[in-house]
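*Asks:* Protein chains in written order, with UniProt numbering: chain C, 1 to 185; chain Y, 1 to 185. For every residue, glycine included, the Cβ atom is placed at its ideal position computed from N, Cα and C. All of these numbers come straight from a predicted model, not from anything done at the bench. Sending over a structure as structure tokens; questions will come in a sec.
Number of protein chains: 2
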Amino acid sequence: MPVTARPPGRPRAGIDATVFAATLTTVTDLGYANATVDRIAAAAGVAKTTIYRRWPSKGALITACLVDAFGPVPLTGADRAEILAAAIRWAAAKIAEPGIGAAFAGVFTDAVSDPDLRRILSTQLQDPYRIALQEALDEPETRVLFFIDVVIGTLIHRMGMTGEPMVAADVDALVDMVLRVLERP
Amino acid sequence: MPVTARPPGRPRAGIDATVFAATLTTVTDLGYANATVDRIAAAAGVAKTTIYRRWPSKGALITACLVDAFGPVPLTGADRAEILAAAIRWAAAKIAEPGIGAAFAGVFTDAVSDPDLRRILSTQLQDPYRIALQEALDEPETRVLFFIDVVIGTLIHRMGMTGEPMVAADVDALVDMVLRVLERP
DNA sequence: CCCATTACGCTACTCAAGGTATCGATACTA
DNA sequence: TAGTATCGATACCTTGAGTAGCGTAATGGG
Chain C
1 MPVTARPPGR PRAGIDATVF AATLTTVTDL GYANATVDRI AAAAGVAKTT
51 IYRRWPSKGA LITACLVDAF GPVPLTGADR AEILAAAIRW AAAKIAEPGI
101 GAAFAGVFTD AVSDPDLRRI LSTQLQDPYR IALQEALDEP ETRVLFFIDV
151 VIGTLIHRMG MTGEPMVAAD VDALVDMVLR VLERP
Chain Y
1 MPVTARPPGR PRAGIDATVF AATLTTVTDL GYANATVDRI AAAAGVAKTT
51 IYRRWPSKGA LITACLVDAF GPVPLTGADR AEILAAAIRW AAAKIAEPGI
101 GAAFAGVFTD AVSDPDLRRI LSTQLQDPYR IALQEALDEP ETRVLFFIDV
151 VIGTLIHRMG MTGEPMVAAD VDALVDMVLR VLERP
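Printed below as a string of structure tokens:
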């Protein structure tokens, strides 16, 4: 007896992965502003209405795509410092991947003036990482939120201002800076 | 003998300040996304075409408004640490002012996918402060750019994720964190 | 086998907003 | 008075997000 009974009617085709891939390649090729839902649908070989049947808005689609692309944060390391350093470098590497940084910056920007999207972004993308980091680092919520603001804010600001991801030397400086705060509050 | 001869034709009316004020109040009241150029023009008592005669795009208008609202950075303090601390607190206070934070976050977001706007934002808003800080702190360009990414990125990320400006305790932590890097690179 | 149910593709559509074109009126200089 | 450039007003173009309706394809149940 399955826990969730299969709902009646035609089952959904497994196109989520295809749409996510099309979203990232479209953003990479054309930029966030030109990555319209029409174009993403065309790139995925899917009707636009199908996309809106699965995600309520373009921002929700991008957010879901980002959640899928980021995956779980690797919490590896011998101590808290190593864990946090690994998480920062992982975030920097992810944001530097083609399309992800631009998509992230774009959806973040849209969220500023859109409370609904802000809630989606906060609960679906930020909260899981915040909770995982709280437990792994044994730090209070306010401090973890501060770390996230610093790390993600810095990486996105660089991406937005220059159009390029942050170079390795500056990522090193970012890791070093945050670790000092962790070790000597 | 005036240095710049007055150009022929009807002179421009002195409405820049009026439009800037209308822009901030409109953003404050309605949010960045709902602060359309039509509404800003109406709030300023000015025709939309007049706005487009003076600023080439909405982003350029917002940027000019921000440049006007921020004004010059105060570089006061006995030593480099005090100067940088004062600059960070000044930035945090400005971004917390009604409308400014939302406008900043909005135009920043738009700039991510708009190279033209990115150039305007970089040259007209960031560069003056970067240059002034380079001289006041006697630090290389890359380091000052890193500081700007950290400070502005953190403040904007908080503003974008929560819709509220950063609280005083976190601004203190931000100042403390950056000062450590300044004093012990 | 037929039916209810749901998903898909397609076309067409609405709506909002950035940005443009045109034109008459106005303010200033020479 | 002629020339120039601005302002306001109206109308318009274009793009893109999101929706509605319809025929069709799958699936499970009777």
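So which residues on chain Y does T154/C lean against when the C-beta distance must stay under 7 Å?
*Replies:* Here the neighbours are D149, V150, G153 and T154.
*Asks:* When the Cβ atoms of the stretch 109-125 of chain Y are set against those of the stretch 74-90 of chain Y, are three or more pairs found closer than 8 Å?
*Replies:* These segments do not touch.
*Asks:* Quick check on DSSP: helix, strand or coil for W90/C?
*Replies:* Three-state DSSP puts W90/C in a helix.
*Asks:* Less than 8 Å between the CB atoms is what I'm expecting for A47/C and A22/C, so what's the real figure, rounded?
*Replies:* No, A47/C and A22/C are not in contact; Cβ-Cβ is about 13 Å, not under 8 Å.
*Asks:* Could you spell out where the alpha helix (DSSP H) holding D16/Y opens and where it closes?
*Replies:* First-last of the alpha helix (DSSP H) with D16/Y: D16 to L30.
*Asks:* Which residues of chain C have a Cβ atom closer than 7 Å to the Cβ of A33/Y, listed in chain order?
*Replies:* Within chain C, the residues near A33/Y are S113 and D114.
*Asks:* Using a Cβ cut-off of 8 Å (strictly closer), state whether G160/C contacts chain Y.
*Replies:* True, the Cβ-Cβ gap to chain Y drops below 8 Å.
*Asks:* Using a C-beta to C-beta distance shorter than 7 Å, which residues of chain C count as neighbours of F108/Y?
*Replies:* The answer, in chain order, is T109 and G160.
*Asks:* Got a sec: is the Cβ-Cβ distance from R80/Y to anything in chain C below 8 Å?
*Replies:* Not an interface residue.
*Asks:* When you compare the CB of Y180/Y with every CB in chain C, is at least one pair closer than 8 Å?
*Replies:* Reading off the sequence shown, one finds Arg at residue 180/Y, where the question assumed Tyr. With 8 Å as the cut-off, R180/Y counts as an interface residue toward chain C.
*Asks:* Three-state secondary structure (DSSP) at D172/Y?
*Replies:* Helix.
*Asks:* Quick one: which unbroken alpha helix (DSSP H) runs of 4-plus residues sit fully inside the stretch 34-111 of chain Y? Chain order, please.
*Replies:* Listed in chain order, the complete alpha helix (DSSP H) runs (minimum 4 residues) inside the stretch 34-111 of chain Y are 37-44, 48-54, 58-70 and 80-96.
*Asks:* Under 7 Å between beta-carbons, which chain C residues line up against F20/Y? List them in chain order, please.
*Replies:* The premise fails here: F20/Y is roughly 19 Å from chain C at the closest Cβ pair, so nothing lies under 7 Å.
*Asks:* Which same chain residues end up closer than 7 Å to V3/Y when comparing Cβ atoms and leaving out the 5 residues on each side of it in sequence?
*Replies:* Low confidence applies here, because V3/Y scores a pLDDT of 42, under 50, leaving its location unreliable; read the following figure in that light. Answer for V3/Y: no residue qualifies.
*Asks:* Below 8 Å, can you find three or more Cβ-Cβ pairs linking the stretch 17-37 of chain C to the stretch 93-104 of chain C?
*Replies:* At 8 Å Cβ cutoff, the stretches touch.
*Asks:* Near M159/Y, which residues of its chain fall below 7 Å by C-beta distance, leaving aside the five closest residues on each side in sequence?
*Replies:* Excluding residues within five positions, the ones whose Cβ falls inside 7 Å are I95, G101, A105 and P165.
*Asks:* Return the residues of the UniProt domain "HTH tetR-type" (13-73) of chain C that lie within a Cβ-Cβ distance of less than 7 Å from chain Y, sorted by chain order.
*Replies:* So the list reads G31, Y32 and A33, given in the order they occur along the chain.
*Asks:* State the start and end residues of the unbroken alpha helix (DSSP H) segment that holds M159/Y.
*Replies:* Looking at the DSSP string, the run of the alpha helix (DSSP H) that includes M159/Y is E141 to T162.
*Asks:* Which of the three DSSP states is assigned to D114/Y in this structure?
*Replies:* If DSSP states are grouped into helix, strand and coil, D114/Y belongs with coil.
*Asks:* In the stretch 124-136 of chain Y, which residues sit with their C-beta less than 7 Å from some C-beta in chain C, listed in chain order?
*Replies:* The stretch 124-136 of chain Y vs chain C, Cβ under 7 Å: Q126.
*Asks:* Does the beta-carbon of A169/Y have 16 or more other beta-carbons within 10 angstroms, so that it is buried, or is it exposed?
*Replies:* Burial call: exposed.
*Asks:* Straight-line CA distance for V19/C to I131/Y?
*Replies:* The alpha-carbon atoms of V19/C and I131/Y are separated by roughly 44 Å.
*Asks:* Using the beta-carbon of each residue, which ones in chain C are nearer than 9 Å to R118/Y?
*Replies:* Chain C residues near R118/Y: G160, M161, T162 and G163.
*Asks:* Closer than 8 Å, CB to CB, is D170/Y near chain C or not?
*Replies:* Yes, D170/Y lies at the interface with chain C (some Cβ there is under 8 Å from its Cβ).
*Asks:* So which residues on chain Y does A102/C lean against when the C-beta distance must stay under 8 Å?
*Replies:* Near A102/C (Cβ distances below 8 Å), the residues of chain Y are V112 and S113.
*Asks:* Taking only beta-carbon atoms, is A85/C less than 8 Å away from chain Y?
*Replies:* No - not a single Cβ of chain Y is within 8 Å of the one on A85/C.
*Asks:* Please say whether L182/C and L84/C have beta carbons closer to each other than 8 Å?
*Replies:* Yes. Within cutoff.
*Asks:* Exposed or buried, what is D149/C when buried is set at 16 or more other beta-carbons lying within 10 Å of its beta-carbon?
*Replies:* It is buried - the Cβ of D149/C has at least 16 other Cβ atoms within 10 Å.
*Asks:* Count the CB pairs spanning the stretch 122-142 of chain Y and the stretch 138-158 of chain C that are closer than 8 Å, and state whether there are at least three.
*Replies:* No: the two stretches stay apart, fewer than three of their Cβ pairs being nearer than 8 Å.
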